[in-house]
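**Q** A single structure is presented below for examination.
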Amino acid sequence: MKLIIAYIQPHKLEEVKAALAKAEVGKMSVTNSLGCGAQMGYEESYRGVKFEVNLLKKIRLEIAVNESFVDKTVNAIISAARTGQIGDGKIFIVELAECIRIRTGEKGSNAIG
Amino acid sequence: MGLRRINKNVLGLSILLFMLLGGAALADEAAPAAAAEVVIKTSDLKVGMDTMWVMLTAFLVFFMNLGFAAVESGFARAKNCVNIMSKNFVVFAVSSIGFLILGWGLMFGDGSGLVGLKGLFMASGADNSPATGSAYQGVYSAISWTGVPFWAKFFFQLVFCGTAATIVSGAVAERIKYLSFIVFSFVMAMVIYPVVGHWVWGGGWLAKMGMFDFAGSTVVHSVGGWAALAGVIILGPRIGKFSNGTIKSIPGHNLSLATVGTFVLWFGWFGFNPGSTMAADPGAISHIAVTTNTAAAAAIFTATLMSYLLLGKPDLGMTLNGCLAGLVAITAPCAYVSVGSALIIGLIAGALVVLAVLMFDRLRLDDPVGALSVHLVNGVFGTICVGLFAQDKITGTATGNGLFYGGGFALLKAQLAAVVTVGIFVFLMSIVAWVAIKAIMGVRVSREEELRGLDIGEHGNEAYSGFQVFSTM
Numbered sequence: 213m214k215l216i217i218a219y220i221q222p223h224k225l226e227e228v229k230a231a232l233a234k235a236e237v238g239k240m241s242v243t244n245s246l247g248c249g250a251q252m253g254y255e256e257s258y259r260g261v262k263f264e265v266n267l268l269k270k271i272r273l274e275i276a277v278n279e280s281f282v283d284k285t286v287n288a289i290i291s292a293a294r295t296g297q298i299g300d301g302k303i304f305i306v307e308l309a310e311c312i313r314i315r316t317g318e319k320g321s322n323a324i325g
Numbered sequence: 012m013g014l015r016r017i018n019k020n021v022l023g024l025s026i027l028l029f030m031l032l033g034g035a036a037l038a039d040e041a042a043p044a045a046a047a048e049v050v051i052k053t054s055d056l057k058v059g060m061d062t063m064w065v066m067l068t069a070f071l072v073f074f075m076n077l078g079f080a081a082v083e084s085g086f087a088r089a090k091n092c093v094n095i096m097s098k099n100f101v102v103f104a105v106s107s108i109g110f111l112i113l114g115w116g117l118m119f120g121d122g123s124g125l126v127g128l129k130g131l132f133m134a135s136g137a138d139n140s141p142a143t144g145s146a147y148q149g150v151y152s153a154i155s156w157t158g159v160p161f162w163a164k165f166f167f168q169l170v171f172c173g174t175a176a177t178i179v180s181g182a183v184a185e186r187i188k189y190l191s192f193i194v195f196s197f198v199m200a201m202v203i204y205p206v207v208g209h210w211v212w213g214g215g216w217l218a219k220m221g222m223f224d225f226a227g228s229t230v231v232h233s234v235g236g237w238a239a240l241a242g243v244i245i246l247g248p249r250i251g252k253f254s255n256g257t258i259k260s261i262p263g264h265n266l267s268l269a270t271v272g273t274f275v276l277w278f279g280w281f282g283f284n285p286g287s288t289m290a291a292d293p294g295a296i297s298h299i300a301v302t303t304n305t306a307a308a309a310a311i312f313t314a315t316l317m318s319y320l321l322l323g324k325p326d327l328g329m330t331l332n333g334c335l336a337g338l339v340a341i342t343a344p345c346a347y348v349s350v351g352s353a354l355i356i357g358l359i360a361g362a363l364v365v366l367a368v369l370m371f372d373r374l375r376l377d378d379p380v381g382a383l384s385v386h387l388v389n390g391v392f393g394t395i396c397v398g399l400f401a402q403d404k405i406t407g408t409a410t411g412n413g414l415f416y417g418g419g420f421a422l423l424k425a426q427l428a429a430v431v432t433v434g435i436f437v438f439l440m441s442i443v444a445w446v447a448i449k450a451i452m453g454v455r456v457s458r459e460e461e462l463r464g465l466d467i468g469e470h471g472n473e474a475y476s477g478f479q480v481f482s483t484m
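Chain order of the listed sequences is A and B.
Heads up, the first sequence is in this note's numbering, so the first residue is 213 and it goes up one at a time.
Heads up, the second sequence is in this note's numbering, so the first residue is 12 and it goes up one at a time.
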């Protein structure tokens with residue numbers, strides 16, 4: 213089991229969701245996040261005083277999958293989120309030690325699917 | 012100028028009124044009368060009362076700027092909130108200056124059937140208001156029927172101009188360049204609105220033809236609506252609204268704000284319609300307040316019901332748009348129709364606005380706040396209603412009867428002529444203005460800016476700094 217964590221541009225969420233649905237990945241968790249990377253920041257000002265905003269708004273997706281779904285999921289995210297511009301985001305894949313469905317107590321692969 | 016003896020009961024009220032107005036009309040030559048009797052010139056009393064009414068209702072119409080700002084920003088996304096507030100705030104300043112410099116003169120100056128030609132600039136033509144009728148001497152004779160001071164006339168007409176200009180703001184929201192919007196608003200306040208205003212209210216060719224628009228379903232609302240339609244076409248839809256052949260919803264970020272704004276507009280309309288008597292005419296203003304409110308209430312019911320039936324749930328946005336649709340539709344006929352007719356007009360307007368919102372989506376015309384459905388569609392509908400439901404002299408104006416009251420097609424024809432010609436004129440003028448602005452300075456922000464939001468791109472501000480806002484669309 214793997215946990216796939218992807219940071220994407222906020223306006224790409226709808227397309228990524230559609231691509232994941234096409235790849236039959238229907239379960240995910242989505243949160244707002246702020247972050248900085250190669251895209252650098254931008255300048256805001258408030259009543260004449262400027263300030264650097266280097267944390268940009270991003271969307272964080274978390275998807276827990278069985279091994280056979282890892283490539284499909286990653287490819288779906290990339291296909292929808294890539295524009296070729298700096299700021300498209302990153303994907304992290306980490307080992308998932310356990311997964312438990314609270315309602316039934318199922319564990320492992322059964323709980324993920 | 013007859014003198015009238017005022018009885019005791021009226022005395023206290025009159026004195027209070029005159030103190031409020033700063034009027035000095037208590038006649039010195041008054042009375043050899045008892046201590047409790049005072050004699051007042053009724054003509055002065057009338058000017059005072061009329062001025063108070065005109066100014067009070069003008070202030071209410073001014074307050075509608077807040078209503079528009081709240082409705083439009085509530086219906087848009089959080090990332091564009093600063094931009095919409097800025098547009099709605101600055102547009103009244105634009106109207107105030109533009110209408111002063113040229114708008115008033117074009118609209119009310121004596122001139123041809125098409126435009127005013129005298130006293131064009133800075134509202135500085137000769138004028139001896141509040142004199143009326145044959146006693147009036149000046150170059151703004153089309154509005155000499157109301158016996159209030161000159162600047163009362165000007166201010167009341169100015170807030171109406173401001174309303175027409177601010178209608179455009181909502182339809183072009185979330186993608187238009189701030190500066191381009193300001194430039195268009197100047198064109199609107201200085202040329203487009205005043206020319207149509209001259210046709211209908213400035214003694215122009217539609218007025219002579221016998222066309223009636225009491226408070227501006229055509230002059231204000233459909234003019235704003237046609238200009239907005241041209242803007243929507245030139246701009247194109249927001250990114251993500253129509254993708255892959257489907258219509259996507261882009262929900263507004265604050266329906267509480269939109270509701271507050273709609274209440275403010277509803278309240279302001281009691282200045283817009285009853286104030287357009289431009290006189291404290293007790294019978295007329297009471298009648299108009301009730302026709303106005305009845306149409307709004309009826310439209311709320313049908314808009315809510317239509318959204319229930321067509322969309323599955325009673326959508327609040329549609330209920331709010333319904334209220335405004337009823338108000339826009341009754342704006343032309345409010346003084347010419349019965350309360351019963353107002354009820355029918357409102358019922359139809361509420362249904363119409365829901366169908367119009369769905370239609371504009373199908374036509375791929377992206378209007379984030381429903382301004383076209385409310386102001387254009389119902390402005391046209393309300394104007395036509397005068398030709399259908401009018402009853403001669405119901406509040407004093409000799410309109411002749413509408414089609415449903417045995418008046419035949421005469422009035423309806425004049426109304427339709429206004430709908431068609433105003434539509435063509437405003438739409439073409441607006442297209443020319445938008446295209447010119449596009450060529451000179453561009454109308455639309457960049458794709459990157461639109462995605463991140465116009466608040467940061469145009470203003471470098473955020474509306475909700477410190478809050479986490481989902482900006483996924």
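We put the beta carbon where it would ideally sit given N, CA and C, even for glycine.
Leu131 of chain B: buried (16+ other C-beta within 10 angstroms of its C-beta) or exposed?
**A** It is buried - the Cβ of Leu131 of chain B has at least 16 other Cβ atoms within 10 Å.
**Q** Going by other Cβ atoms of all chains shown within 10 Å of its Cβ, with 16 needed for buried, is Ala89 of chain B buried or exposed?
**A** Looking at its Cβ environment, which holds 16 or more other Cβ atoms inside 10 Å, Ala89 of chain B is buried.
**Q** Could you tell me the distance, in whole angstroms, from the CA atom of Pro248 of chain B to the CA atom of Gly227 of chain B?
**A** Between Pro248 of chain B and Gly227 of chain B, the C-alpha separation is close to 29 Å.
**Q** Could you round the C-beta distance between Arg458 of chain B and Ile250 of chain B to whole angstroms and report it? I think they count as a contact, below 8 Å.
**A** Right, their Cβ atoms sit about 7 Å apart.
**Q** Kindly indicate which residue of B:Gly453, B:Ala269, B:Phe392, B:Leu387 has the alpha-carbon position closest to the one of Gly85 of chain B.
**A** Residue B:Ala269 is the option with its Cα nearest to Gly85 of chain B.
**Q** Can you list the residues of chain B that Val258 of chain A reaches, using a CB-CB cut of under 7 Å?
**A** Here residue 258 of chain A turns out to be Tyr, not Val, going by the sequence shown. Within 7 Å Cβ-Cβ: Asn472.
**Q** So, do the region 379–392 of chain B and the region 327–347 of chain B have three or more beta carbon pairs nearer to each other than 8 Å?
**A** Output reads yes: the region 327–347 of chain B touches the region 379–392 of chain B.
**Q** State the beta-bridge partners of Ile271 of chain A as determined by DSSP.
**A** A:Ile220, A:Asn244, per the DSSP bridge assignment.
**Q** Against chain A, does Ser476 of chain B count as a neighbour if the rule is that its beta carbon must be under 9 Å from one of theirs?
**A** Closer than 9 Å to some Cβ of chain A, the Cβ of Ser476 of chain B qualifies, so yes.
**Q** According to DSSP, simplified to helix, strand and coil, what is Phe253 of chain B?
**A** The answer is strand: DSSP assigns Phe253 of chain B an E or B state.
**Q** Pick from B:Ala340, B:Ala360, B:Gly181: whose alpha carbon is nearest that of Met96 of chain B?
**A** The shortest Cα separation from Met96 of chain B among B:Ala340, B:Ala360, B:Gly181 belongs to B:Gly181.
**Q** Going by the DSSP bridge assignment, what does Ile312 of chain A pair with across the sheet?
**A** Paired residues: A:Lys319.
**Q** Is the separation between the beta-carbon of Tyr151 of chain B and that of Gly136 of chain B shorter than 9 Å?
**A** Yes, the pair counts as a contact, with Cβ atoms nearer than the cut-off.
**Q** Go to Glu256 of chain A, then tell me how far its beta strand (DSSP E) extends in each direction, as first and last residue.
**A** Here the beta strand (DSSP E) through Glu256 of chain A covers 254–258.
**Q** Under 8 Å: do the region 184–203 of chain B and the region 309–323 of chain B share three or more Cβ pairs, one atom per stretch?
**A** In short, these stretches do not touch, since the Cβ pair count stays below three.
**Q** For Ala44 of chain B, name the three-state secondary structure that DSSP assigns.
**A** With a pLDDT of 48 at Ala44 of chain B, under the threshold of 50, the modelled position of this residue cannot be trusted; read the value that follows with caution. Looking at Ala44 of chain B - three-state DSSP - the assignment turns out to be coil, as it is neither helix nor strand.
**Q** Do Ile178 of chain B and Val231 of chain B have their C-beta atoms within less than 9 Å of each other?
**A** Yes, these two residues count as a Cβ contact at 9 Å.
**Q** Kindly list the residues whose CB is nearer than 8 Å to the CB of Ala447 of chain B, restricted to its own chain and excluding five residues on each side of it in sequence; keep chain order.
**A** There are no such residues.
**Q** DSSP three-state label for Val261 of chain A, please.
**A** Three-state DSSP puts Val261 of chain A in a strand.
**Q** From the DSSP output, read off the bridge partner residues of Leu215 of chain A.
**A** A:Ala276, A:Val306.
**Q** Could you pull the DSSP bridge partners for Arg455 of chain B from this structure?
**A** B:Ile187, per the DSSP bridge assignment.
**Q** Spatial neighbours of Met240 of chain A within its chain, please: C-beta separation below 6 Å, excluding the five flanking residues on both sides.
**A** Excluding positions up to five away in sequence, the list reads Leu273, Ile275.
**Q** For a contact meaning CB atoms closer than 7 Å, what does Asn244 of chain A contact in chain D?
**A** Among the protein chains of the structure shown, namely A and B, there is no chain D.
**Q** Cβ of Tyr219 of chain A less than 9 Å from any chain B Cβ?
**A** Chain B, which has no Cβ nearer than 9 Å to the Cβ of Tyr219 of chain A, makes this no.
**Q** With DSSP collapsed to three states, give me the class of Gly357 of chain B.
**A** Gly357 of chain B falls in the helix class under three-state DSSP.
**Q** How big is the Cα-Cα spacing for Ala336 of chain B and Val391 of chain B?
**A** Roughly 11 Å between the two C-alpha positions.
**Q** Distance, Cα to Cα, Ile335 of chain A vs Thr243 of chain A?
**A** For residue 335 of chain A there is no data in the structure shown, the boundaries of chain A being 213 and 325.
**Q** Are the region 215–222 of chain A and the region 300–320 of chain A touching, with three or more C-beta to C-beta distances below 8 Å?
**A** Result yes; three or more Cβ-Cβ pairs closer than 8 Å.
**Q** Quick one: using the 10 Å Cβ neighbour count with 16 as the cut-off for buried, is Gly263 of chain B buried or exposed?
**A** The residue in question, Gly263 of chain B, is buried, as its Cβ has 16 or more Cβ neighbours within 10 Å.
**Q** Would you say Ala41 of chain B faces chain A, with C-beta separation under 9 Å as the test?
**A** Residue placement at Ala41 of chain B is flagged as unreliable, the pLDDT there being 47, under the threshold of 50; the coordinate-derived value follows with that caveat. It does not; no Cβ of chain A falls within 9 Å.
**Q** Could you tell me whether any Cβ in chain A is nearer than 9 Å to the Cβ of Lys252 of chain B?
**A** Not one chain A Cβ lies under 9 Å of Lys252 of chain B.
**Q** Comparing the C-beta of Lys239 of chain A with each C-beta of chain B, is any distance below 9 Å?
**A** Chain B, which has no Cβ nearer than 9 Å to the Cβ of Lys239 of chain A, makes this no.
**Q** May I ask you to verify whether the region 114–126 of chain B touches the region 152–166 of chain B, counting CB pairs closer than 8 Å and requiring at least 3?
**A** At 8 Å Cβ cutoff, the stretches touch.
**Q** Could you tell me the boundaries of the alpha helix (DSSP H) in which Gly173 of chain B lies?
**A** Looking at the DSSP string, the run of the alpha helix (DSSP H) that includes Gly173 of chain B is 161–182.
**Q** Let's test the definition: count the other Cβ atoms within 10 Å of the Cβ of Glu255 of chain A and tell me whether it reaches 16, buried, or not, exposed.
**A** Label assigned to Glu255 of chain A: exposed.
**Q** For a test of the three-state rule: what should DSSP assign to Val468 of chain B, helix, strand or coil?
**A** The question names Val, but residue 468 of chain B in the sequence shown is Gly. In the structure shown, Gly468 of chain B sits in a helix (DSSP, three-state: H, G or I).
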